[in-house]
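Asker: With this note's numbering, letter number 66 in the sequence shown gets 129, and the count goes up by one each step, no holes.
Glycine residues also receive a C-beta, built at the ideal position from the N, C-alpha and C atoms.
Provided herewith is a single structure, encoded as structure tokens, for subsequent inquiry.
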Amino acid sequence: MKEVNISELERRFQEKIDNDIRIEPKDWMPDEYRKTLIRQISQHAHSEVVGMLPEGNWITRAPNLRRKAVLLAKVQDEAGHGLYLYSAVETLGADREQTIDDLHSGKAKYSSIFNYPTLTWADMGAIGWLVDGAAIMNQVPLCRCSYGPYARAMVRVCKEESFHQRQGFEIMTTLAKGSPEQKAMAQDALNRFWWPALMMFGPNDADSKHTQQSMDWRIKRHTNDELRQMFVDATVPQAELIGLTVPDPDLKWNEETGHYEFGAINWDEFWEVVKGNGPCNKDRIDTRRKAKEEGLWVREAAMAHAEKRAKRKSA
Ligand code: 3HC
64 MKEVNISELE RRFQEKIDND IRIEPKDWMP DEYRKTLIRQ ISQHAHSEVV
114 GMLPEGNWIT RAPNLRRKAV LLAKVQDEAG HGLYLYSAVE TLGADREQTI
164 DDLHSGKAKY SSIFNYPTLT WADMGAIGWL VDGAAIMNQV PLCRCSYGPY
214 ARAMVRVCKE ESFHQRQGFE IMTTLAKGSP EQKAMAQDAL NRFWWPALMM
264 FGPNDADSKH TQQSMDWRIK RHTNDELRQM FVDATVPQAE LIGLTVPDPD
314 LKWNEETGHY EFGAINWDEF WEVVKGNGPC NKDRIDTRRK AKEEGLWVRE
364 AAMAHAEKRA KRKSA
């Protein structure tokens, strides 16, 4: 077969990207494309799995059976999203055990938002409404990501995400229309989760080291700031609808641009949390490490069972 040089391979690759032809696992791809997808998809998977912890904390304390069943279903969905995404990252040649060890060692990141504590039941509403709302804003464009397995995983994830966002907003609506104490609890949760939710979209475009390349490779379809703006524009009217106040004195509607202007994000806080110095970082990783250790016997039993069945089949 005629040798094709790298620059020709890169040209053909970018031509596929520019023509919205999906890149599949067996296709040639630049090492850097593979690397940035392993980085992003693995950290996305870690975010889903660590994201189970703040909400899992409230399953036993849900106010009634319906709320408990809904929260259980949501947390189970997040586990499934994580497993989906770990499978997607394996299609790029990443080793799952190593990927998970990178989370436990602190080498890999996960979304900063999950390092904040969940102090009241209203936080379950704020997380569903704001965190899953932000996740949807970010994940819907990922359904058109140039890498096939990631885009297809996102289609399934987004269907479940919209249920997550709706159940969260319903909790906030119920509390906001409840007693003065319930409304105060909802407002407190909004106050604590609003700015960390804006940080989920990543640093400003000017400070984002990956965005331009990810846009050129059509991994990202919108920049961090574009998605953040879309989230603010969609969410502020929802807060107003239920009589809650977004904790930003600089928030104002700009008739000319058709967007909300909002205040400055505390990027020092963001980078401190990303670096591991958030309120719950240590607790989250300790819990994940403990889950891996305590689950070892289940994995060993499942492997032994699978090997026995394979032996029986081949006998
Ligand atoms: N938390 C932690 N780290 C973050 C971050 C955040 N909110 N935002 C950015 N970073 C990190 C990046 O990972 C990168 O570090 P790295 O090079 O070590 O990976 C660095 O900050 C620079 O940021 P960039 O904007 O240049 O990086 P990206 O181009 O990767 O953009 C992103 C960051 C927007 C999070 C992008 O990776 C992305 O879209 N990821 C997929 C979606 C995702 O992971 N969402 C997280 C939440 S999942 C969730 O909420 C589940 C829901 O069910 C609850």
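(1) Confirm the yes/no value for this check: CB of Val194, any heavy atom of ligand 1, distance under 8 Å.
(2) Could you check whether the Cβ of Tyr173 sits closer than 8 Å to any heavy atom belonging to ligand 1?
(3) Just to confirm, is the Cβ distance from Arg284 to Cys221 under 9 Å?
(4) Return the CA-CA distance between Ser150 and Glu233, expressed in angstroms with no decimal places.
(5) Counting along the chain, where does the alpha helix (DSSP H) carrying Trp257 start and finish?
(6) Report buried or exposed for Leu72, applying the criterion of at least 16 other Cβ atoms within 10 angstroms of its Cβ.
(7) Can you give the beta carbon distance from Gly321 to Asn287, rounded, assuming they're within the 8 Å contact cut?
(8) Pro126: buried (16+ other C-beta within 10 angstroms of its C-beta) or exposed?
(9) In the DSSP output, which residue or residues are listed as bridge partners for Lys315?
(10) Excluding the five sequence neighbours on either side, which residues of its own chain have a C-beta within less than 7 Å of the C-beta of Pro342, listed in chain order?
(11) Do Thr154 and Pro212 have their C-beta atoms closer together than 9 Å?
(12) Could you tell me whether the Cβ atoms of Pro310 and Trp360 are closer together than 9 Å?
(13) How do the region 127 to 147 and the region 107 to 117 stand: do at least 3 beta-carbon pairs fall below 8 Å, yes or no?
(14) I believe Gly188 touches Met235 by the beta-carbon criterion, under 8 Å. Please report the beta-carbon distance rounded to the nearest angstrom.
(15) Touching or not, the region 237 to 246 and the region 156 to 170, by the rule of three or more beta carbon pairs under 8 Å?
(16) Examine ligand 1 and report whether any of its heavy atoms sits within less than 8 Å of the Cβ of Lys246.
(17) Using the rule of at least 16 other Cβ atoms within 10 Å of the residue's Cβ for burial, across every protein chain shown, is Asp140 buried or exposed?
(18) Who are the near neighbours of Pro88 in its chain, counting only those whose CB is closer than 6 Å to its CB and skipping five residues on each side?
(19) Along the chain, where does the alpha helix (DSSP H) containing Tyr149 start, and where does it finish?
(20) Could you tell me whether any non-hydrogen atom of ligand 1 is closer than 8 Å to the CB of Asn82?
(21) Does DSSP put Tyr173 in a helix, a strand or coil?
(22) For Ile80, which of helix, strand or coil comes out of DSSP?
(23) Using a Cβ-Cβ cutoff of less than 8 Å, which residues in the same chain neighbour Lys355 once the five nearest sequence positions on both sides are dropped?
(24) Using 8 Å as the cut-off, classify the Cβ of His167 as near or not near the heavy atoms of ligand 1, replying yes or no.
(25) Which one of Glu223, Ala302 and Lys338 has the shortest CA to CA distance from Asp251?
(26) Apply the 10 Å Cβ neighbour rule to His227 and answer buried if 16 or more other Cβ atoms are within range, or exposed otherwise.
(27) Could you spell out the range, first to last residue, of the alpha helix (DSSP H) harbouring Gly196?
(28) I'd like to check one pair, Thr308 with Leu193: are the Cβ atoms closer than 9 Å?
(29) Can you check which of these residues, Leu290, Ile305 and Lys172, is closest to Thr237 by C-alpha distance?
(30) Tell me where the alpha helix (DSSP H) around Lys98 begins and ends.
Answerer: In brief:
(1) yes
(2) yes
(3) no
(4) 32 Å
(5) Pro243 to Met262
(6) exposed
(7) Not really, about 20 Å apart at Cβ, beyond 8 Å.
(8) exposed
(9) Glu324
(10) Asn178, Tyr179 and Pro180
(11) yes
(12) no
(13) yes
(14) 4 Å
(15) no
(16) no
(17) buried
(18) Thr154
(19) Leu128 to Glu153
(20) no
(21) coil
(22) helix
(23) Ile163 and His167
(24) no
(25) Ala302
(26) buried
(27) Asp195 to Leu205
(28) no
(29) Ile305
(30) Asp94 to Val113
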